[in-house]
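S.K.: Quick note: the sequence shown uses my numbering, first residue 975, plus one each step.
Heads up, the beta-carbon is just placed ideally off N, CA and C, and yes, glycines get one too.
Please read these numbers as outputs of a predicted model, since none were measured by experiment.
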Amino acid sequence: MNTRILVLTGLSLLHLTGCGKESPPSVFTVTSNDELVVNTLPAIRDACPGLDKYAQSFENVRVGGHFRTAILFDVPESITIPATYQAGGHTCYIEIDSDGKTIYIEKLACKSICLDQLDTPDGQLKIGLAQENR
C-alpha cells in the first residue's frame, strides 16, 4: 500500500513539473507601425541580449520620444531581473537615431538590462546596430 502511494505521488510530481519541458524563450516585442522601430527591432534585440531574456518582466512596452524615436518600457520589481541591476521602478528608453544605425541608452539600470551585465560603460551607452538585420 505504501509503495503504491509513493509511486502515485512520484508520478503526480513528474506530471506537475511538465515532464522536463522548458518554456519557449521569451522575445522582446513592441507593437508599432513606426517603420524605423519595425526595421531596427531585430538588430536592437541582437545588440541587447537582456531584452529577450527579461522580456516577460517588462510592462507597458511602447514607442515614444522627443528628439529621437524611442522604445520605452517599465521595469517592475522582478525576481527574474538581477537585484544588482537596481532596475525595479525604472522606465527604460532605447533611443534610435533617425537612420536606424545606432541606439542610445542613458540610465545605468537600463544599460545593465540591455547588456545583461552589471558592469556597463560610464555615460550614455551608444551601440551601433548590425546592418544585416534590416
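1. With 16 other CB atoms within 10 Å as the buried threshold, where does Thr1058 fall?
2. Is it the case that the segment 1062-1071 contacts the segment 1038-1048, given that we only count it when at least three CB pairs across the two stretches are under 8 Å?
3. Note the first and the last residue of the continuous alpha helix (DSSP H) segment covering Lys1085.
4. Measuring CA to CA, which of Tyr1078, Gln1105 and Ala1083 is closest to Ile1055?
5. In terms of residues, what are the limits of the beta strand (DSSP E) holding Lys1027?
6. I believe Ala1017 touches Leu1103 by the beta-carbon criterion, under 8 Å. Please report the beta-carbon distance rounded to the nearest angstrom.
7. Within 10 Å of its beta-carbon, does Ile1053 have 16 or more other beta-carbons around it, so buried, or fewer, so exposed?
8. Per DSSP, which one or two residues make a beta bridge with Leu1046?
M.R.: In brief:
1. exposed
2. yes
3. Leu1082 to Leu1089
4. Ala1083
5. Note, Lys1027: premise wrong, no beta strand (DSSP E); alpha helix (DSSP H) at Pro1023 to Lys1027.
6. 4 Å
7. exposed
8. Arg1036 and Tyr1067
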